[in-house]
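Below is one structure, written out as structure tokens; the observations come after it.
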Amino acid sequence: MALTKCPECSGQISDKAVICPHCGFPVRDDSVLAKPPKKARKRRPNGSGTVVKLSGKRKNPFQVRANTRIDANGYPAYDVIGCYPDRVSAEIALADYNKSPYDPKDRKKLFCEVFASWYQWKYKVPHTSAGKTSSQNCMIAAYKKCTSLHNMAMWDIRAQDMQDILDQGQLSHATLEHIRNLFRQMYKYAVQFELVAKDYSQYTRITKEEDDTQGVPFTIAELQLLWEHKDLSFVDTILIYCYSGWRINELARMPLDDIDLAAQTFTGGLKNRYSRNRTVPIHSAVYDMVCRRTEGHFKSLIYHDSTGDISEQRYRECFNTALSACGIQTMHTPHDCRHTFNMLMDEAGVDRVTRYKLMGHKGQDINENVYTHKDLSQLREAVESIKTGYEC
625 MALTKCPECS GQISDKAVIC PHCGFPVRDD SVLAKPPKKA RKRRPNGSGT
675 VVKLSGKRKN PFQVRANTRI DANGYPAYDV IGCYPDRVSA EIALADYNKS
725 PYDPKDRKKL FCEVFASWYQ WKYKVPHTSA GKTSSQNCMI AAYKKCTSLH
775 NMAMWDIRAQ DMQDILDQGQ LSHATLEHIR NLFRQMYKYA VQFELVAKDY
825 SQYTRITKEE DDTQGVPFTI AELQLLWEHK DLSFVDTILI YCYSGWRINE
875 LARMPLDDID LAAQTFTGGL KNRYSRNRTV PIHSAVYDMV CRRTEGHFKS
925 LIYHDSTGDI SEQRYRECFN TALSACGIQT MHTPHDCRHT FNMLMDEAGV
975 DRVTRYKLMG HKGQDINENV YTHKDLSQLR EAVESIKTGY EC
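Going by the numbering used here, the letters in the sequence shown line up with residues 625 to 1016, in that order.
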């Protein structure tokens, strides 16, 4: 038995003694030395889930379980909300879950799965179906540019993952706008159906400079050459673009049902709310060309060679070949036709608001965007004011 000294009388006493047998001095306090009883953890209400510490060495050993039930074989089954590094984190996660219960399977849905369900919800058809509108084609094209996200869980995607795609320098500004529009629409859907907790798409932005203002319009002399060779293959498409002002895929992917030959109008548009669903009268100088290109069973007004459908890449090659055949040496792109249309209207004295309406551009103030209205007859008058003296 170990001995010690009493602090009062210095007599030897047992180290386990409570009171000194010599002087009666209390050498220790039982209330201090006594080990406090282990406090029992408060039991959760039935059906509110549980936190279980898994065996073995794990990075996240505390597992949160909910919706415990008995399966068809008589064994307990449950939904795993997640695994966490400590009990406190797990308890917080369980409390958050009980505030607003959700289906844990939704948290595992991949970006590609959410895209498929969003597309079906928005357009009422599967994304693999045929006969797509221009809007549907834009969404499909934007989705194909997001391959790095396809196999990521929507719940795990963050703003930087989407921003990395929007920062790709090889994509055009218009394509980036379609991609960001896809992100915004998918997140709006995902938040509505509780597939994500937060809309991270709102923190993304397009850093690339707007490239829609760049372009080299056709000169008057070059337009004259186009009219002189209007019967050459694909020259008619160049003139249609120059006298309508559509972006290349706004017209090339426009459903033929949206080209009203009786009313002599195109209706369509992409990119933004100022461009979409706008009506542009068909200029009388190119009306017969439009009629001829709508004959047959082709998917596009532009993307065919009178014998079969062609790709956009193939069309661009035919576009360049047509320019060379006309003797035009300056390098032009289909987008230059859009700038040509704007130039021709400006030279014809068409006012700015009307040009904005026909081009699908945003006005400079609320008066131009909201309060200024132009009917079809006014738009037709503006289009027909473009000089047609280049015809032969």
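Even for Gly, the Cβ is constructed at its ideal location relative to N, Cα and C.
Local conformation of residue i per DSSP, three classes
{"i": "VAL738", "result": "helix"}
{"i": "ALA909", "result": "coil"}
{"i": "SER1009", "result": "coil"}
{"i": "GLN792", "result": "coil"}
{"i": "THR771", "result": "coil"}
{"i": "GLU992", "result": "Any reading at GLU992 must be qualified, since the residue scores a pLDDT of 46, below 50, and its modelled position is unreliable; the value itself is stated next. Three-state DSSP puts GLU992 in a helix."}
{"i": "PHE890", "result": "strand"}
{"i": "ALA972", "result": "coil"}
{"i": "PRO650", "result": "strand"}
{"i": "ARG1004", "result": "helix"}
{"i": "ARG877", "result": "coil"}
{"i": "VAL904", "result": "strand"}
{"i": "SER655", "result": "Model confidence at SER655 stands at a pLDDT of 44, short of 50, so the residue's coordinates are unreliable; what they give is reported in the following sentence. SER655: helix per DSSP, three-state reduction."}
{"i": "CYS1016", "result": "In this predicted model, CYS1016 has a pLDDT of only 43, less than 50, meaning its place in the structure is not dependable enough to derive any value."}
{"i": "ILE864", "result": "helix"}
{"i": "HIS928", "result": "strand"}
Whole-angstrom C-beta distance between residue j and residue i, which should lie under 8 angstroms
{"i": "CYS762", "j": "HIS802", "result": "5 angstroms"}
{"i": "THR828", "j": "ALA783", "result": "6 angstroms"}
{"i": "HIS907", "j": "TYR865", "result": "Not really, about 11 angstroms apart at Cβ, beyond 8 angstroms."}
{"i": "THR757", "j": "PHE842", "result": "Not a contact, Cβ separation roughly 30 angstroms."}
{"i": "SER1009", "j": "ALA972", "result": "4 angstroms"}
{"i": "VAL1007", "j": "PRO905", "result": "5 angstroms"}
Closest Cα partner of residue i within the set the options
{"i": "GLU1005", "options": "GLY984, THR978 and MET983", "result": "THR978"}
{"i": "LEU863", "options": "ASP881, SER679 and ILE844", "result": "ILE844"}
{"i": "GLU941", "options": "CYS630, THR861, ALA821 and SER908", "result": "THR861"}
{"i": "GLN826", "options": "ALA946, ASN873 and MET810", "result": "MET810"}
{"i": "TRP851", "options": "ALA696, ASP780, TYR813 and CYS950", "result": "CYS950"}
{"i": "PRO750", "options": "ALA740, ALA717, LEU947 and TYR911", "result": "ALA740"}
{"i": "GLN687", "options": "ALA701, GLY706, GLY698 and ARG693", "result": "GLY706"}
{"i": "TRP742", "options": "SER672, TYR813, SER724 and LYS981", "result": "TYR813"}
{"i": "ARG877", "options": "CYS915, SER857, ARG693 and ALA765", "result": "ALA765"}
{"i": "LEU678", "options": "ALA641, ALA714 and ASP881", "result": "ALA714"}
{"i": "LYS832", "options": "LEU795, TYR927 and ALA821", "result": "LEU795"}
{"i": "ASN722", "options": "HIS959, VAL675 and GLN848", "result": "VAL675"}
Opposing strand residues paired with residue i [DSSP bridges]
{"i": "GLY706", "result": "VAL688"}
{"i": "SER638", "result": "LEU627"}
{"i": "PRO700", "result": "ILE694"}
{"i": "ASP884", "result": "THR889"}
{"i": "VAL675", "result": "VAL688"}
{"i": "ILE764", "result": "Note: ILE764 sits in no beta bridge, so no partner."}
{"i": "HIS802", "result": "According to DSSP, which records beta bridges pairwise, HIS802 is partnered with nothing at all."}
{"i": "ALA777", "result": "LEU734"}
{"i": "ILE643", "result": "PRO650"}
Residue i vs residue j beta-carbon contact at 8 angstroms
{"i": "LEU925", "j": "ILE952", "result": "no"}
{"i": "LEU790", "j": "LEU800", "result": "yes"}
{"i": "ASP703", "j": "ALA690", "result": "yes"}
{"i": "ASN775", "j": "LEU734", "result": "yes"}
{"i": "LEU627", "j": "SER638", "result": "yes"}
{"i": "ASN684", "j": "TYR708", "result": "yes"}
{"i": "GLU846", "j": "THR954", "result": "yes"}
{"i": "LYS1011", "j": "LEU947", "result": "no"}
{"i": "THR903", "j": "THR889", "result": "yes"}
Minimum Cβ-Cβ distance from residue i to chain C less than 8 angstroms
{"i": "ARG900", "result": "No chain C is part of this structure, which consists of one protein chain only."}
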